[in-house]
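*Asks:* Per the numbering used here, the sequence shown starts with residue 123, numbered consecutively. Submitted below is the structure of interest, expressed as structure tokens.
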Amino acid sequence: MDAKSIILNNVAKPLEEFVLTMEDLERLLQEKEKIIAYCGYEPSGPIHIGYFPTILKIIEISKIGKAKVLLADYHAYLNDKGPLELLQDVSVNYWIPVLRALGVNSEYILGSEFQGSQDYIYDLFTLARFVTVHRAIRAVKMILRHTESISVAASLYPIMQVLDIVHLEVNLAIGGTDQRKIHALARDILHGEVSSILRQKVKKTICIHLPMVLGLKAGEKMSSSKPETHIAVHDKPETINKKLQKAYCPPTTSNPDENPIFSILAYIIFPYNECLRIDRPEKYGGPVEYRSLDALGKDFLEGKIHPLDLKNAIAELLIQKLEPVRRLLEKDPEILRPLYRLQKWNFEKGYINKESWEDLKRSYQQWLENV
């Protein structure tokens, strides 16, 4: 694939809405400027397959340019995701080694490494003068933990994310569709008069947005605090099978925004795999391979593919893809210790319910002692 195809692979549709903007992307590619991309994550929970669209995009972009991974510890702290020291421990000792095991060989940066600098704070104060509280909250509301009683910290969050684009010196920002309003704010504010008074030079930045994978339960998103809604990268094969067998998969729709199984197929599997093999018993037609989501969706709706056979095929593929993480944890299970401590803090604060916490605890007990 050429550079444009790599950048746009698996980007949410319509492109006119989720690429900011196509015109600027065309110009960047025509000028043959080196691609320097970044994607930021709150290191506030386990890495799960809901992160895969952006993770796989980072790996793709690394083939044609440079990709940076921002572990946004200050952002997670502002969003009440845990004590700062614990978030930093999770960033360094869990997120980085696990992402590397998944093939993300990028530059890793903690937000706290540069967001406390004199120039950054000056630029933060400057930007704050140009952004209304209403615009800031509107941009960030989709990703806030507390949406009823919104603190002043919430208004800092999107302004800092805008500044991250500037201070990381990137020309391509990667995020999920929930980041679009923040990126729109960035482009609006940075390309106006404020660009001339910031201490850090402002580059023209293109923003691309990847689809959000549905949670495994009907009507829910993938949540780090609800293990029943996601597949964590450290889940054992038997856990992956069990979660997928329970996953919501209505036989009446193959729409990836309505059926969680087809969400995984559309946004994780087919964009990065040539085909999906489904091993069915001979009496039900035997093994079959699909090279397109449309063909699979057609047969599924016609009842030619049973949901259980489809779930088993996805489980087999995910178990294979996550093997490097299991190998890493078999050598050093203590990598999970900071994550366990962070999720325990969230349970004690009431952010994780008792039933979910018991499920999480059992998953950690498969790897760790004294849990």
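Backbone N, C-alpha and C define an ideal beta-carbon position, used for all residues, glycine too.
Taking 6 angstroms as the cut-off, is the C-beta of residue 180 nearer than that to any heavy atom in the ligand NAD?
*Replies:* For the structure depicted, the ligand NAD is absent and the ligand set is empty, with no information on it obtainable.
*Asks:* So residue 187 and residue 223 are in contact, right, with Cβ under 8 angstroms, and what is the actual spacing, rounded?
*Replies:* Against the sequence shown, residue 187 aligns to sequence position 65. Against the sequence shown, residue 223 aligns to sequence position 101. Wrong, their Cβ atoms sit about 22 angstroms apart, outside the cutoff.
*Asks:* Closer than 6 angstroms by C-beta to residue 464: which residues in its own chain qualify, once you throw out the five before and the five after it? Chain order, please.
*Replies:* The residue labelled residue 464 in the question sits at position 342 within the sequence shown. Here the set comprises 204, 208 and 212.
*Asks:* Report the rounded CA-to-CA distance for residue 327 versus residue 183, giving the unit in angstroms.
*Replies:* Locating residue 327 in the sequence shown gives position 205, counting from the first residue. Locating residue 183 in the sequence shown gives position 61, counting from the first residue. Computed Cα separation, rounded: 15 angstroms.
*Asks:* Decide yes or no for the touch test of the region 455-475 against the region 378-392: beta carbon pairs closer than 8 angstroms, at least 3 of them.
*Replies:* The region 455-475 is not in contact with the region 378-392.
*Asks:* For the region 225-238 against the region 477-493, are there 3 or more C-beta pairs whose distance is under 8 angstroms?
*Replies:* With the cut-off at 8 angstroms, the region 225-238 and the region 477-493 do not touch.
*Asks:* Ordered along the chain, which non-local residues of its own chain (more than five positions away) have a Cβ less than 8 angstroms from that of residue 299?
*Replies:* Here residue 299 is taken as the residue at index 177 of the sequence shown, counted from 1. Once the five neighbours on either side are set aside, the close Cβ partners of residue 299 are 134, 140, 331, 332, 333 and 334.
*Asks:* Mapping DSSP to helix, strand and coil, what is residue 355?
*Replies:* Here residue 355 is taken as the residue at index 233 of the sequence shown, counted from 1. Coil, per DSSP.
*Asks:* Could you tell me if residue 249 is buried or exposed, where buried requires 16 or more neighbouring beta carbons within 10 angstroms of its beta carbon?
*Replies:* Within the sequence shown, residue 249 is the residue found at index 127, counting from 1. By the neighbour-count rule (16 or more Cβ atoms within 10 Å), residue 249 is buried.
*Asks:* For residue 338 versus residue 437, is the C-beta distance shorter than 7 angstroms?
*Replies:* Mapped onto the sequence shown, residue 338 falls at position 216. Mapped onto the sequence shown, residue 437 falls at position 315. Cβ atoms of residue 338 and residue 437: not closer than 7 angstroms.
*Asks:* If you compare alpha carbons, which of 285, 406 and 444 is closest to residue 221?
*Replies:* Along the sequence shown, one-based indexing puts residue 221 at 99. Per the Cα distances, 444.
*Asks:* Can you tell which of 233, 172, 175 and 171 has its C-alpha closest to the C-alpha of residue 199?
*Replies:* As a position in the sequence shown, residue 199 is number 77, starting the count at 1. The shortest Cα separation from residue 199 among 233, 172, 175 and 171 belongs to 233.
*Asks:* DSSP beta-bridge partners for residue 411?
*Replies:* One-based indexing of the sequence shown puts residue 411 at position 289. Bridge partners of residue 411: 399.
*Asks:* With a Cβ-Cβ cutoff of 7 angstroms, do residue 190 and residue 336 count as a contact?
*Replies:* The residue you call residue 190 lines up with position 68 of the sequence shown. The residue you call residue 336 lines up with position 214 of the sequence shown. No, Cβ-Cβ distance for residue 190 and residue 336 is not below 7 angstroms.
*Asks:* Which full runs of the beta strand (DSSP E) of 3+ residues lie inside the region 144-177, going along the chain?
*Replies:* Listed in chain order, the complete beta strand (DSSP E) runs (minimum 3 residues) inside the region 144-177 are 157-163.
*Asks:* With DSSP as the reference, label residue 253 as helix, strand or coil.
*Replies:* On the sequence shown, residue 253 is found 131 positions in, with the first residue counted as 1. Note: residue 253 maps to coil in three-state DSSP.
*Asks:* Just to confirm the assignment, what range does the beta strand (DSSP E) spanning residue 494 have?
*Replies:* The structure shown does not extend to residue 494, since the chain is modelled only from 123 through 493, so no value can be given for it.
*Asks:* What is the DSSP secondary structure of residue 473, reduced to helix, strand or coil?
*Replies:* Numbered from 1 along the sequence shown, position 351 holds the residue referred to as residue 473. Coil, per DSSP.
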